[in-house]
Each structure stands twice: as C-alpha cells, then as structure tokens.
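Chains as they are written, first to last, in the numbering used here: chain L, 842 to 1214; chain Z, 842 to 1214.
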C-alpha cells in the first residue's frame, strides 16, 4: 500500500505514494488537522483546494462528540463530514494523556474523565479500533500511552510495556494481507514511543515493527522537549525504521521542523500550527512569519504572500485581513487559516518535487535563507 | 438608472432593474449586510455564489475602522473588500442613534462618541457624503436622524426638520443628471422618516421627493414598533412614493416581512437576520425555521432544506451542522449563514419570477402555507 518511489541521492529524503481506500496520497505529505471532524474554520471545499490528500481527525474527540451512535448512523466519518479523500484518525492516546483531567492506566486500558462533561469512560485498545472501524478511517492508530517531557527512564520503560501490549492487542484485530475491499482496507500504524532515550526508542522499534504494521508513527515527540532533542530523536528513530514502510512524525510541526524531518526520511506530518496560528493572525509565508494584527500592515495592500496562489492571496490584502482581525470578523481567521494550510501543502509539494529531482538539500537551504531573513 | 419592468396585474408588487456602476441589480432584491466590509462569517466568493447582486455596508462603522485614510489608499471599498458587484452604504444615521453612547444633534450635524474607543467625532451631512465618495459606493445614503419607537409626535416633527435640512445639504453635493462615468455614477437616495404618523410620513415624502433623489428609502421602520405597525407604515409610505423610482425598506426583515413589503410595492431590502440568526444556528427553510442546535437534529442526515441547492445543503447534513454548533466549530455558523443568505436570495428571486408571471399573490400564499405549517 506504500511504495517508496525515490530517494534523494544526496541524503535520506524520500518521495513515495500511499494508496488508501479513498485515493492516492503522495509523500512527503502534510495532513491538516480536523480534530472534531472539521478543519477549524474551513470548509471541505477549501481544504480540498489547498491540495490536501489526507486529513487527520481524532477518535477520542469523536468518541465523546458526536459519539458512536451518530457516526454509525451517518455511515462513517467520510460521509458525516463530507470528505471524499483519505482520513487518518488518531486513537486519542495523546488526548487522554493531555486533556482528560483524571485518568488511570490499567492493564486492560485507560479509565478517564471526559474533558467536556466530566463523565467517566473506560477505553481499551480493542474498543478504539472498533470505533475507528465505525469511523471508516483510511488509517487507524492504536491506543498508546503518550508521556510528556521530561520523564524518567524508568517511567518510560514501564510505559513502553503498556504501549507494546496495547499494540499487540490492536494488531490482532486486523488480518493481513488486506483484501481489495471491505473494512480490511483500513490500515493500522504502529506507534513508536520511548521518550528521549535512544535505546528505548530502539527497543520500541524492534518490538513494534516485529508485529508488522502498515506504517510507523514516531510518537511522543514535540511534547515539551527542546527543539534540538525533537530533531535528535526524530533523526535517530527514522533512521532505524524499515525502509519500505511509511514513516509518520506525529504532531510536528513548524515549516522548519518539517523540512528537517523530511531530510531524515520522514514521510507524513500532521500539525495544528497552520490553523491554530492562522486563527491568531499569524501567517506563514515564503519570506517568514507575519503577525497580520500588527500596525505595519494597516495600509499594506499586498497579498499575504506574493508567491502564493491561494484564494486568500488572490483576492485579499494584508490591510483588509488586518482590518478583519481588528474588528473581530470571522473572515479574517478563515483567510489566514486557509492561506496557512495552502502554504504547508505547497511547501511539502515543493519538497517532494525537489526530492524527485535530487535537489532537496539545495531546496531546503534556499527556503531557509528566505524564510529566516 | 432604475427601470420598472413589470407590475403584477393582481396587486402592487413590482419587478425592475437598477443599473449601477458595478452592474445590474434585479428587483425585488435582498442585500446581505456587510457592516464592517465583510458579510459576517462569509467570503466574497460565497456571497457571490448566493446570487447577491448588491450588498450593504456601513459608512459609520467604516469611518471609525479602518478609517478614511486606509480606504482612500485602498482605492475605495470595492477594492478593499474585493467585491466586484454593487455596494450600497448606509450613512450611519441609524448607528449613531443606536450605538453611540453619547450624541448631540446640532444644526450642522451630530456630535457623537465612538462605541469602540470613546473618541469624540462630529459628523455632518457633507462629511458623510464625502466619505462615501471615498468608499465609491454605488448607492450612498444621506445622514438622517433615526428615532426609536415609541416617540412623541412633536419629537418626530422636530426631527423631520433636521432630516430634511440634512437631505437638502446632501442633495446639493450631487449634480444630476448623472454622467456616464466618474463619481456622479454614485447614486444618492432620499430617506423618508416620520415615525408611525401617516401625515408626517406624507409630509416627509413630499419634502424629500421634492428634492429629487435616485431612489427612496423608508427609514425608521422596524425600530421597536409592533409588526402590525411596521406593515401599516410600509404600506402607507410605499403607496405615496413615486412609481418610477426604486423603493428601499431599510433594515427589514424576516421572510414574511419581505413578502408583505413586496406586495406593497417595495423593491429593495437589507437585513442582518439571515447572518445573525445563522450564527446562532437558526436556519430559514421552505418549511419554516429550524434551530439546528436542538437535539431532534442530532441524527437527522437530511440537508438543512431539501429544496435548496446551496453549498451547505449540497454537502452537509443537519446532524453534522448540529455537531459543529455543539463543539463550537466555526464551520457550523458559516454553513447556516451561507444557507440563509442563499435562502433569502432564492425567495426574492422566486418572488421576482412570480411577479413577472402575474402570480405573486398565489406564490406568497403557497410559500406561507408551507412556511407556517
């Protein structure tokens, strides 16, 4: 289902293609995040126009709202949110361990309190896969335990046992090789935890890849550790993952983080940064980041990014967008969110092209030169 | 510039066409309201797709933010907000008399305190026309005094003198007949005040039409009076306005208010109801109003309105939209706002067609039968 098409001959950056039940996903790929079955502030049409081939949604959030019953009646998540391309769903491990005010890890699963209404829930690896079956996600993620930085070696070791046990139980529910149709066209990825301890990351890679998944996610990164450590752990972990499987760096990141990870051989990304920052007026451009609320833009009639062809840049000026933020008008955050996911998609698309032409390193350097000016 | 094309032979409803510097406006026409140079929550593309041929913006708000300087540098409002079709701008009379916390009517104009930052301003009839010249609105409105219901006869009489004086001074700034290009292609309407006193309305019509404007607005309606009185005053005033000029009922209203006014010979409407209610989850449909936040819609997979072909109805279900409101996602209020302005545009377009075919009365009855079921 994943085919590695080309490796840039000057390094480790890769271009490939993933075939899901809903189409082709060219890698490297950035997935906009639609936690609650909507990419915040954007319509499906806008996300499609940005070029996104796959989006990310979150099983934990959707389990709480609208819940299993409605998603089942809707005929799955694609129908519910009217998105015809690929969807990956996160299991909610990260959310349970960051949002839920009370939680208790037990052998069978994790007991937690909903961050919305305080109701008690018990989530097991089996239950979250079953729920992702109902969602019909193209790529499912198993339940895992996601720790925050900093954390002691012994805690990470203990936690890895849980994550491995849950991964085994999740893997048992899938039968490979997958058939041409039906629910087994849903893929399942394995998640590599291990904190900032290289030897524990190595152990996790051995254990998880031993189970045989459709792809591998590097989890527990960008959970509070310094940028240097993010890069180190990513580089190390990506370097020991199997070559022929897709590699996904969870929850990362800024344009610079992505370029750095691509050069370490990572294929897939998701991050809330383009939409979250967009809602605050921060735009990513080929010449760096702009805070469009700021006064210098009040009479700046250029588009957000003169090199961008998105709907926002084709039609609206920085001055107008600043006015929209200044007057608290929704269109402002819509336009910057839209521009930002287009910018991310273009950055990743340009990276792919550069890899195919064996010039990723030069492309990255040139991008950084302009971006950090 | 306005051509009355047809009168329904069973009543007073009219169909016509207004030619502005930015295109044709078929009447009856509904203008979505973009107070601060944006139709709340919607993009220009969406408003265009709704069929809107003219929108409404507000000179008072734009005078305060972003202000004259920026709008001048932008080359006017059409450029600033990237809207290529017609724009009417209200003078801000209504806003000064409803939003500004402190105001004092003087002979020359009105002194008021900004509702945003408390700064003091002095607005004159000349100044607001000058500002609307900078905006480049296709239709400008003169400064008027807008009173709230209830108000004594003597106060209305006194106020009419001010409004008439200001209308005269505004009219002097325009030279008619208008040339084929340049700033005089901007039209100016006269505003009829007079509260709920028919004889004062009559006096206002005589005085204001005596000055000769491009069209006439019925102002000071829907300012707190009971629905019955709104209809009475509209009927009376529309009935004594000149036949060959466009008639605009300011700030009205619900679908029922519009149909009622159309049958009294009103041509033009603006109202915040479709977008304001849309942001609260209230949808207008051919079978009445729906509050989409309500529980009965949680597993209702029909579109908002099965008779509607808008983007929201083509792609999304009531259940999904309810989920979006439930989770406070912006797309929810976007979709209902969009649907509502499409619904209004279709209602007004269907009315026009019915008038052209001399069946407006039957159309209205049939609409009401379904709508009020």
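We treat Cβ as the ideally placed atom computed from N, Cα and C, and that holds for glycine.
Practice item. Taking residue 857 of chain L as part of the beta strand (DSSP E), name the residues at either end of that continuous run. Key: 855-861
Point to revise | Short CB-CB distance (under 7 angstroms) between residue 906 of chain Z and chain L | key: yes
Practice item. Quick one: give me the first and last residue of the beta strand (DSSP E) that residue 925 of chain Z is part of. Key: No beta strand (DSSP E) holds residue 925 of chain Z; DSSP gives it neither H nor E.
Check your understanding: If you count every other CB in all the chains shown that lies within 10 Å of the CB of residue 1068 of chain Z, and 16 or more means buried, which is it?
Key -> exposed
Practice item. Tell me whether the beta-carbon of residue 1031 of chain L lies closer than 7 angstroms to the beta-carbon of residue 1059 of chain L. Key: no
Check your understanding: Using 8 angstroms as the threshold, is the region 1190-1202 of chain Z in touch with the region 936-947 of chain L, meaning 3 or more CB pairs across them?
Key -> no
Point to revise | Boundaries (first-last residue) of the alpha helix (DSSP H) holding residue 1042 of chain Z | key: 1039-1052
Check your understanding: Name the chain Z residues that come within less than 9 angstroms of residue 1041 of chain L, Cβ to Cβ?
Key -> Near residue 1041 of chain L there are no residues of chain Z at all, since even the closest Cβ is about 36 angstroms away, more than 9 angstroms.
Practice item. State the beta-bridge partners of residue 899 of chain Z as determined by DSSP. Key: Z/931
Review point. Whose C-alpha, out of Z/874, Z/846, Z/852, Z/878, is nearest the C-alpha of residue 1169 of chain L?
Key: Z/878
Practice item. Can you check DSSP and say which residues form a bridge with residue 1124 of chain Z? Key: Z/1131
**Study point:** Element boundaries [beta strand (DSSP E), containing residue 975 of chain Z]
**Key:** Per DSSP, residue 975 of chain Z belongs to no beta strand (DSSP E); it is in the alpha helix (DSSP H), 966-976.
Check your understanding: Should the region 1070-1082 of chain L be regarded as contacting the region 1125-1136 of chain L, the criterion being three or more beta carbon pairs within less than 8 angstroms?
Key -> no
Exercise for review: Drop a sphere of 10 angstroms on the beta-carbon of residue 1148 of chain Z, count the other beta-carbons inside from all chains shown, and report buried for 16 or more, exposed for fewer.
Suggested key: exposed
Review point. Which of the three DSSP states, helix, strand or coil, is assigned to residue 1099 of chain Z?
Key: helix
Check your understanding: What beta strand (DSSP E) runs, 3 residues minimum, are completely inside the region 1048-1093 of chain Z?
Key -> 1056-1059, 1087-1090
Check your understanding: Of the choices Z/1113, Z/851, Z/990, whose alpha-carbon is the least far from that of residue 1062 of chain Z?
Key -> Z/990
Practice item. Anything in chain C within Cβ reach of residue 914 of chain L, meaning under 9 angstroms, just list it in chain order. Key: Considering every chain present, this structure includes no chain C. Its protein chains are L and Z.
Point to revise | C-beta neighbour in chain Z for residue 1157 of chain L, strict 7 angstroms | key: yes
Check your understanding: Should residue 862 of chain L go down as buried or exposed, given a rule of 16 or more other Cβ atoms within 10 Å for buried?
Key -> buried
Point to revise | Residue(s) in a DSSP beta bridge with residue 961 of chain L | key: L/954
Exercise for review: Return the CA-CA distance between residue 865 of chain L and residue 1027 of chain L, expressed in angstroms with no decimal places.
Suggested key: 14 angstroms
Check your understanding: Sorted by chain position, which residues of the same chain lie with C-beta nearer than 7 angstroms to residue 1154 of chain Z's C-beta, five sequence neighbours on each side aside?
Key -> 1144, 1145, 1146, 1180
Point to revise | Within chain Z, partners of residue 911 of chain L - CB distance below 8 angstroms | key: 1139, 1140, 1160, 1164
Review point. Quick one: is residue 873 of chain Z buried, meaning 16 or more other Cβ sit within 10 Å of its Cβ, or exposed?
Key: buried
Exercise for review: Below 6 angstroms CB to CB, which residues in the same chain sit around residue 1183 of chain L once its five sequence neighbours on both sides are set aside?
Suggested key: 891, 1151
Check your understanding: Quick one: is residue 921 of chain Z near chain L, going by C-beta distance under 7 angstroms?
Key -> yes
**Study point:** Contacting residues, own chain, Cβ-Cβ under 6 angstroms from residue 1188 of chain L (five flanking each side not counted)
**Key:** 1096
Exercise for review: Determine, using beta carbons only, whether residue 897 of chain Z and residue 1111 of chain Z come nearer to each other than 7 angstroms.
Suggested key: yes
Practice item. Assign residue 1092 of chain Z to one of two classes, buried (16 or more other C-beta atoms within 10 Å of its C-beta) or exposed (fewer than that). Key: buried
Exercise for review: Report the neighbours of residue 1172 of chain L on chain Z: residues whose CB is nearer than 9 angstroms to its CB, in chain order.
Suggested key: 879, 880, 881, 882, 883, 884, 885
Check your understanding: Are there 16 or more other CB atoms within 10 angstroms of the CB of residue 1013 of chain Z, so buried, or fewer, so exposed?
Key -> exposed
Practice item. Output, in chain order, the set of chain L residues within a Cβ distance shorter than 7 angstroms of residue 1168 of chain Z. Key: 877, 906
Point to revise | Through-space distance from residue 970 of chain L to residue 977 of chain L, alpha-carbon basis | key: 10 angstroms
**Study point:** Where residue 848 of chain Z sits in the DSSP three-state scheme
**Key:** strand
Review point. Pick from Z/925, Z/917, Z/1072: whose alpha carbon is nearest that of residue 885 of chain Z?
Key: Z/925
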